[in-house]
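Chemist:
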């Protein structure tokens with residue numbers, strides 16, 4: 001399994017990691033199979049979304065922030081980052097993508113994103129891919 | 001991998017594709033294994049939800065639309081469909097279901113749905129299933 | 001495949017099931033592989049989130065309830081639990097976690113949770129893990 005590190009600069013930020021996932025797929029010699037991307041944190045998520053126009057990411061993060069306000073009167077959690085926990089579960093902790101011919105099988109506009117909801121922080125992403133090419 | 005095409009008629013629409021996924025499972029001769037359903041688009045998602053009462057789908061789409069308004073003052077994305085991108089990530093791009101005895105192992109009321117959030121459009125759904133039955 | 005039963009006591013409740021998933025992994029003799037956790041219901045979900053401070057769960061459920069009100073004027077579904085269907089799809093029906101050395105490979109603060117959105121009810125959770133250790 002590959003581990004990569006991503007440093008975020010803002011409280012809410014989406015960082016594209018498609019290239020890192022493709023590199024992991026090549027490094028473990030997967031020809032046809034799958035890649036799984038997992039974030040071992042509870043205030044960050046992984047999602048697949050558009051990677052063509054960075055304005056999409058801006059609008060997505062702003063909508064999530066409006067939907068899930070940072071502070072609420074009912075909050076009990078002492079750390080004060082409960083909103084980030086909600087957003088993390090809304091995005092999910094992992095995605096799984098098919099690999100064909102050593103490449104991720106994504107749609108034309110799709111990229112894989114780490115979603116930071118309580119930055120700036122240093123985050124890990126775990127990338128697992130298989131099966132490796134058999135060499136008889 | 002099987003590709004199916006779904007034509008949607010409305011901006012927000014859920015189309016059940018459980019039967020198509022079961023057909024793909026049979027076509028690749030999977031006895032016991034899994035089926036994975038992936039949407040290669042960034043303004044549509046895949047989810048599992050009730051397929052008994054179509055009113056559920058109506059209420060789900062209306063709630064999502066209220067939560068994620070189509071236009072916001074802060075929007076920058078020129079295409080104007082940022083809400084669809086948010087909803088797509090909220091639902092997710094794929095689901096994975098176990099197969100036993102050549103059938104999808106779903107709960108009694110569960111179906112697999114393509115979620116259209118920027119229709120009408122023609123959408124692809126990629127269905128992968130395995131492992132195929134070995135014939136020694 | 002293992003099936004476990006979870007009895008919930010409230011309409012909205014998160015019940016941690018990490019220990020049950022780890023037990024299933026041990027019972028099927030998985031050394032290095034994966035575990036998949038699936039909920040066969042349409043008003044409950046599965047998610048990964050913090051298991052250190054129970055106040056997080058309180059704040060998460062309250063935020064979801066505020067985002068997705070129980071009743072809306074546009075509701076058509078006779079059972080009156082459409083909000084639970086939305087929340088179920090927002091969390092998702094399954095999670096997948098890597099197994100290494102017979103243990104779930106989770107982040108330091110991560111646990112696996114059944115999310116009840118229409119309780120109290122008795123829920124099933126299906127746990128699948130593999131591959132089993134080969135004994136030559």
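Protein chains in written order, with the numbering used here: chain A, 1 to 136; chain B, 1 to 136; chain C, 1 to 136.
Each residue gets a CB set at the ideal place from its N, CA and C atoms; glycine is no exception.
1. From residue 87 (chain B) to residue 114 (chain B), what distance separates their C-alpha atoms?
2. What runs of the alpha helix (DSSP H), each 4 residues or longer, lie entirely inside the segment 58-101 of chain A?
3. Leaving out five residues on either side along the sequence, give the residues of the same chain with a beta carbon under 6 angstroms from the beta carbon of residue 83 (chain A).
4. What does DSSP give as the partner residues of residue 14 (chain B) in its beta bridges?
5. Are any of the Cβ atoms in chain B nearer than 9 angstroms to that of residue 98 (chain C)?
6. Hey, residue 100 (chain A) and residue 32 (chain A) are a contact pair by Cβ (cut 8 angstroms); roughly how many whole angstroms apart?
7. Considering only residues of the same chain and omitting the five flanking positions on each side of residue 55 (chain A), which have a CB-CB separation below 8 angstroms?
8. Leaving out five residues before and five after residue 126 (chain A) in sequence, what residues of the same chain have Cβ atoms less than 7 angstroms from its Cβ?
9. For the beta strand (DSSP E) that residue 40 (chain A) lies in, which residues bound it at each end?
10. Less than 9 angstroms between CB atoms is the rule here; does residue 79 (chain C) satisfy it with respect to chain B?
11. Residues in its own chain within less than 6 angstroms of residue 61 (chain C) by CB, not counting five upstream and five downstream?
12. Measure the beta-carbon distance from residue 42 (chain B) to residue 50 (chain A) and round it to whole angstroms, keeping in mind my assumption that it falls under 8 angstroms.
13. What does a CB cutoff of less than 8 angstroms around residue 27 (chain B) pick up in its chain, not counting 5 residues either side in sequence?
14. Of all the options C:36, C:22, C:73, C:58, which has the alpha carbon lying nearest to the alpha carbon of residue 97 (chain B)?
15. Quickly, what does DSSP pair residue 128 (chain C) with across the bridge? List them, please.
16. Taking residue 130 (chain B) as the reference, give the member of A:24, A:18, A:34 with the closest Cα.
17. For my contact list, residue 65 (chain B) and residue 77 (chain C) are in at a C-beta cut-off of 8 angstroms; report their separation, rounded to the angstrom.
18. In the DSSP assignment, what are the bridge partners of residue 110 (chain B)?
19. Taking 9 angstroms as the threshold (C-beta atoms), are residue 47 (chain B) and residue 104 (chain B) in contact?
20. So, using beta-carbon positions, are residue 22 (chain B) and residue 63 (chain A) closer together than 9 angstroms?
21. Grab the span of the beta strand (DSSP E) containing residue 3 (chain B) for me, first residue to last.
22. Are the C-beta of residue 12 (chain C) and some C-beta of chain B separated by less than 9 angstroms?
23. Tell me whether residue 121 (chain C) sits in a helix, a strand or coil according to DSSP, three-state version.
Modeler: With the given structure in hand:
1. In this structure, the alpha-carbon of residue 87 (chain B) lies about 12 angstroms from that of residue 114 (chain B).
2. Unbroken alpha helix (DSSP H) runs of no fewer than 4 residues, entirely contained in the segment 58-101 of chain A, are found at 82-91, following chain order.
3. Taken in chain order, the residues that qualify are 68, 70.
4. DSSP, once it has assigned bridges, lists B:115 as partnering residue 14 (chain B).
5. Closer than 9 angstroms: no.
6. 5 angstroms between Cβ atoms; contact.
7. Apart from the 5 residues on each side of it in sequence, residue 55 (chain A) has no Cβ closer than 8 angstroms to any other Cβ in its chain.
8. Hits under 7 angstroms: 1, 3, 38, 40.
9. First-last for residue 40 (chain A): undefined, no H or E at that position.
10. Chain B, which has a Cβ nearer than 9 angstroms to the Cβ of residue 79 (chain C), makes this yes.
11. The beta carbon of residue 61 (chain C) sits closer than 6 angstroms to those of 12, all from its chain and outside the five residues before and after it, given in chain order.
12. The pair is a contact, with the Cβ atoms about 4 angstroms apart (cut-off 8 angstroms).
13. The residues are 2.
14. In terms of CA proximity to residue 97 (chain B), C:36 leads the group C:36, C:22, C:73, C:58.
15. C:36.
16. For the set A:24, A:18, A:34, the Cα lying nearest the Cα of residue 130 (chain B) is the one of A:34.
17. Between residue 65 (chain B) and residue 77 (chain C) the beta-carbon gap is near 16 angstroms, outside 8 angstroms, which marks them as no contact.
18. DSSP, once it has assigned bridges, lists B:50 as partnering residue 110 (chain B).
19. No; because the gap between Cβ atoms is not below 9 angstroms, this pair is not in contact.
20. No.
21. From DSSP, the beta strand (DSSP E) with residue 3 (chain B) extends over 2-7.
22. Residue 12 (chain C) does not count as touching chain B.
23. Coil.
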